[in-house]
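Asker: Below is a structure I'd like to ask you about.
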Amino acid sequence: MAGPSGSTDLRLPDGLRATVEDRLSRAISERWADRIWGRDASLWGTDEAAQARIGGRLGWLDAPEQFRDRVDTLEAFAAAAIAEGFTSAVVCGMGGSSLAPDVLVRSLGPQEGGIKVAVLDSTDPDAVLAATRDHDPARTLYLIATKSGTTTETLSFLQHFWRLEDDLHGAIPDAVPGEHFLAVTDPDESVRRIPHNDAMRGVFLNPPDIGGRYSALSYVGLVPAALMRLDLADLCNDAVLMAARCRPDEEENPGLVLGVAMGALAAAGRDKLTLLVEPELAPFGAWAEQLIAESTGKHGVGVVPIVDEPAGPVAAYGDDRVFVRIRRDGDSSFGVSSDAFLDELEAAGHPVIDIGLSQREGLGGEFFRWEFATAVAGAVLGINPFDEPNVTESKENTDRVLDEYRGSGAFREEEPIASEGVLTLFGDAAMRLTAGKGSLDGELARHLERARPNGYIAFQAYIRATPDRDQALGDLRQLVRDRTRRATTSGYGPRYLHSTGQLHKGGPRSGCFIQLVADHAEDVPLDGGLTFGVLIDAQAMGDFASLESHELPVLRVHLGFEPDAGLVAVHEALARVLGE
């Protein structure tokens, strides 16, 4: 199943090739592509109420052409802000509202004369303080991105930065803090829920039928892109070209082929979709991770995206893997994702999907390809890819924990199951029931014994993201993967709650979770007697409780006041437990 430049090349072992080809033939004969473009919601199920809701979530299909017509307006808005002297912008959002901008920021960056854009999607006080200190408030714009207008983290960022700008402008006659703020949200109730919305420099109202994780080619991605002076026309044209290629019901439809392969291989037990992404495009992996995990991980099924996992020997990978390489056409030699490595994987019986981005189909096209493919994969798996039934669980638990904190001024005391050096372990209900006075190594080993064959081990780090911590988490993943042959994931909290959180609770019951938390040397106040430190701690507790309620194995590791030293200690302990 190979095609021209920019297409999807599938290299499958014979048995799985027949499975995928049969499913693709069925999709073509049943006109799946035509039905998607025709908004036929029956493709994803027979429930009439669900079909009605799906009908209100398909606006992403029109986004490339719809927003191509708004390029001039966006560019004029950005030019005016740049002319006024703004030099930086902070995108404040979660999930789809932050991940698409992050791809554009880190893969393309500001062009000549553009504003430097950063993304804030962590409630860790260190992250909030870094975003505050790294940008001159007198020359910074804050882009508040929330589809619902109620996202806790995003509104907390707004509260913090509005107070900062209000303090700065208080001594300046006629100064207006709102001139530093933009919002991207939905119309009606959504925009009305955002404090100060009527005082902001600009409010961009997205079509309400575009879901958050499908919003890359809407104002969510294009407003930051305009501020960076990226070529919006090229970005939209790339997507329009890909959308046209995703229309026909034929084997050359790149979105249809990719989606059928994702779904059919997952249904056949190959549900760990391992992305090998060219370094320049690495942030794309985190965006695709959210799209796939939140769309497919429900009702006990789903595709588990494996992103940023360090490479290893082919023997370290289990028979639950599918490998997808994403590269620019003509570059087949980067790192471990070289042609030779893919040949080794194929020879070992692993399915390999090779995607090359041509000059005419860059990131805009790739956003659309994966959106279309994910919708198709949902149809293969028999689920609705446009809802997220378990996402609110952790939020509701967090609200409960915060209510208790407001009442007592402290969190409820918990009894650790082990402690050694800087590390303290807290177990879920199943571990607490059988806990004695175990050693730290013994309790870690007991937890890992609960990991299922062909399952995955997920590290959930409620600390500020830094390059050193990225490396440390990668080292943990490599150690566990190589010693257990299980797939691994990692995510920073609370960011992952808006990404893989749905999959963790609603997808295959194959996850084994290790939550990493730390104390806060500095904190940042919020209204109502709360702080960002209190908020992120409550979010960790809330998700722990949610995983626990699903009887999924979860262990909390407290790292102390020095997260970097704590991560080293975790690595040392896991190395002892897992042996050579």
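Taking my numbering, the leading residue of the sequence shown gets 134, the next gets one more, and so forth.
We treat Cβ as the ideally placed atom computed from N, Cα and C, and that holds for glycine.
1) Using 10 angstroms around the beta-carbon of ALA216, count the other beta-carbons present and answer buried if the total reaches 16, otherwise exposed.
2) In its own chain, which residues sit with a C-beta less than 6 Å from the C-beta of GLU504, not counting the 5 before and 5 after it?
3) Am I right that PHE665 and SER289 are in contact with their C-beta atoms under 8 Å? What's the rounded C-beta distance?
4) Compare the Cα-Cα distances from ALA212 to each of GLU181, GLN244, PRO197 and report the closest residue.
5) As a quick exercise: from SER221, ASP561, PRO197, pick the residue whose alpha carbon is nearest that of MET361.
6) Please report how far the alpha carbon of ASP205 lies from the alpha carbon of VAL613, in whole angstroms.
7) Can you give me the Cβ contacts of GLY571 inside the same chain, cut-off strictly under 8 Å, excluding the 5 residues immediately before and after it?
8) Return the Cβ separation of ARG201 and ASN339 in integer angstroms, given the expectation that the two are a contact with Cβ distance under 8 Å.
9) Scan the region 166 to 196 and note each continuous alpha helix (DSSP H) run of 4 residues or more that stays entirely inside, going in chain order.
10) Give me the Cα-Cα distance between ALA209 and GLY445, rounded to the nearest whole angstrom.
11) Among all the DSSP beta bridges, which residues are the ones paired with LEU556?
12) If you follow the beta strand (DSSP E) that LEU490 is in, where does it begin and where does it stop?
13) What number of angstroms, rounded off, separates the C-alpha of THR141 from the C-alpha of PRO357?
14) Counting only the same chain and skipping the five closest in sequence on each side, list residues whose C-beta sits under 7 Å from that of SER323.
15) Which of the three DSSP states is assigned to CYS759 in this structure?
16) Which value, in whole angstroms, describes the spacing of the CA atoms of ALA698 and GLY626?
17) With a CB to CB cut of under 7 Å and the five nearest residues on each side skipped, what residues in its chain are close to GLY662?
18) Applying the criterion that 16 or more other CB atoms from any shown protein chain within 10 Å of the CB defines a buried residue, is ARG689 buried or exposed?
19) Can you name the residues that DSSP bridges to VAL224?
20) From ALA678, GLY189, THR179, SER428, pick the residue whose C-alpha is nearest to that of VAL534; which is it?
21) Look at the alpha carbon of ARG458 and the alpha carbon of GLU477, and state the distance between them as a whole number of angstroms.
22) Could you pull the start and end residues of the alpha helix (DSSP H) that HIS637 belongs to?
23) Ordered along the chain, which non-local residues of its own chain (more than five positions away) have a Cβ less than 7 Å from that of ALA135?
24) Starting from THR664, follow its DSSP beta bridges and name the residues at the other end.
25) Are the region 631 to 642 and the region 601 to 617 in contact at 8 Å, needing three or more beta carbon pairs?
26) Using DSSP bridges, identify the partner residues of ARG454.
27) So, VAL437 versus LEU408, is the Cβ gap smaller than 7 Å?
28) Who are the Cβ neighbours of VAL434 in its own chain at under 6 Å, not counting the five residues just before and after it?
29) State the start and end residues of the unbroken beta strand (DSSP E) segment that holds ASP652.
30) Do LEU558 and GLU576 come within 7 Å of each other at the CB atom, strictly closer than that value?
31) Check VAL687 in the structure and name its three-state DSSP category.
32) Taking only three categories from DSSP, how would you classify THR621?
33) Would you mind stating whether MET227 and THR284 have Cβ atoms separated by less than 7 Å?
34) Could you give the residue range of the beta strand (DSSP E) that holds ILE590?
35) For LEU573, which of GLY560, ARG583, LEU297 has the nearest alpha-carbon?
Answerer: Let's see:
1) Numbered from its first residue, the sequence shown carries residue 216 at position 83. Exposed is the call here.
2) Residue 504 sits at position 371 when you count from the first residue of the sequence shown. So the qualifying residues of the chain are TRP193, TYR347.
3) For the purposes of this step, residue 665 is taken as residue 532 along the sequence shown, with counting starting at 1. For the purposes of this step, residue 289 is taken as residue 156 along the sequence shown, with counting starting at 1. Right, the Cβ-Cβ distance comes to about 7 Å (below 8 Å), so this counts as a contact.
4) Taking the sequence shown and counting its residues from 1, the one referred to as residue 212 is at position 79. Residue GLN244 is the option with its Cα nearest to ALA212.
5) Walking along the sequence shown from the start, residue 361 turns up at place 228. Nearest option by C-alpha distance: SER221.
6) For the purposes of this step, residue 205 is identified with residue 72 of the sequence shown, where counting begins at 1. For the purposes of this step, residue 613 is identified with residue 480 of the sequence shown, where counting begins at 1. Cα to Cα, ASP205 sits roughly 50 Å from VAL613.
7) As a first step, residue 571 must be located in the sequence shown, where it is residue number 438. If we look at GLY571 and ignore the five residues flanking it on each side, its Cβ neighbours are ILE550, ALA551, ARG579.
8) As a working mapping, residue 201 is identified with position 68 in the sequence shown. As a working mapping, residue 339 is identified with position 206 in the sequence shown. With 8 Å as the limit, ARG201 and ASN339 do not qualify as a contact, their Cβ atoms being about 15 Å apart.
9) 181 to 188
10) Counting from 1 along the sequence shown, the entry for residue 209 is found at position 76. Counting from 1 along the sequence shown, the entry for residue 445 is found at position 312. Taking the straight line joining both Cα atoms gives about 48 Å.
11) For this step, residue 556 is matched to residue 423 along the sequence shown. LEU556 pairs with GLU553.
12) The sequence position of residue 490 within the sequence shown is 357, counting from 1. From DSSP, the beta strand (DSSP E) with LEU490 extends over 485 to 490.
13) As a working note, residue 141 is residue 8 in the sequence shown. As a working note, residue 357 is residue 224 in the sequence shown. For THR141 and PRO357, the distance between alpha carbons rounds to 29 Å.
14) Counting from one through the sequence shown, the residue named residue 323 turns up at place 190. Result list for SER323: LYS280, SER281, GLY282, in chain order.
15) Shown here, the chain extends from 134 to 713; a query on residue 759 therefore has no answer.
16) The sequence position of residue 698 within the sequence shown is 565, counting from 1. The sequence position of residue 626 within the sequence shown is 493, counting from 1. Their backbone Cα atoms lie some 19 Å apart in a straight line.
17) For the purposes of this step, residue 662 is taken as residue 529 along the sequence shown, with counting starting at 1. Excluding residues within five positions, the ones whose Cβ falls inside 7 Å are ARG539.
18) Looking up residue 689 in the sequence shown gives position 556. Under this definition ARG689 is a buried residue.
19) Residue 224 sits at position 91 when you count from the first residue of the sequence shown. Bridge partners of VAL224: VAL252, LEU276.
20) Working through the sequence shown from its first residue, we reach residue 534 at position 401. When each option's Cα is compared against that of VAL534, the closest is ALA678.
21) Numbered from its first residue, the sequence shown carries residue 458 at position 325. Numbered from its first residue, the sequence shown carries residue 477 at position 344. Cα to Cα, ARG458 sits roughly 14 Å from GLU477.
22) The residue given as residue 637 occupies position 504 in the sequence shown. Residues 634 to 639.
23) By one-based count along the sequence shown, residue 135 stands at place 2. With a pLDDT of only 41 at ALA135, under the threshold of 50, the placement of this residue in the model should not be trusted, and no figure is reported.
24) The count along the sequence shown starts at 1 and reaches residue 664 at position 531. For THR664, which the question treats as bridged, DSSP gives the partners PRO658.
25) no
26) On the sequence shown, residue 454 is found 321 positions in, with the first residue counted as 1. Paired residue(s): LYS405.
27) Counting from 1 along the sequence shown, the entry for residue 437 is found at position 304. Counting from 1 along the sequence shown, the entry for residue 408 is found at position 275. Contact: no.
28) What you label residue 434 is simply residue 301 of the sequence shown in a count that begins at 1. Excluding positions up to five away in sequence, the list reads LEU514.
29) Counted from its first residue, the sequence shown places residue 652 at position 519. It is not in any beta strand (DSSP E) - ASP652 carries neither H nor E in the DSSP assignment.
30) Numbered from 1 along the sequence shown, position 443 holds the residue referred to as residue 576. Numbered from 1 along the sequence shown, position 425 holds the residue referred to as residue 558. It is a contact, given that the beta carbons lie within the stated cut-off.
31) Here residue 687 is taken as the residue at index 554 of the sequence shown, counted from 1. Note: VAL687 maps to strand in three-state DSSP.
32) Taking the first residue of the sequence shown as position 1, residue 621 is located at position 488. Strand at THR621.
33) For the purposes of this step, residue 227 is taken as the residue at position 94 of the sequence shown. For the purposes of this step, residue 284 is taken as the residue at position 151 of the sequence shown. In contact: MET227 and THR284 (Cβ atoms closer than 7 Å).
34) Residue mapping note: residue 590 aligns to position 457 of the sequence shown, counting from 1. Run containing ILE590: 589 to 594, per the beta strand (DSSP E) assignment.
35) By 1-based counting over the sequence shown, the position of residue 573 is 440. Among GLY560, ARG583, LEU297, the Cα nearest to that of LEU573 belongs to GLY560.
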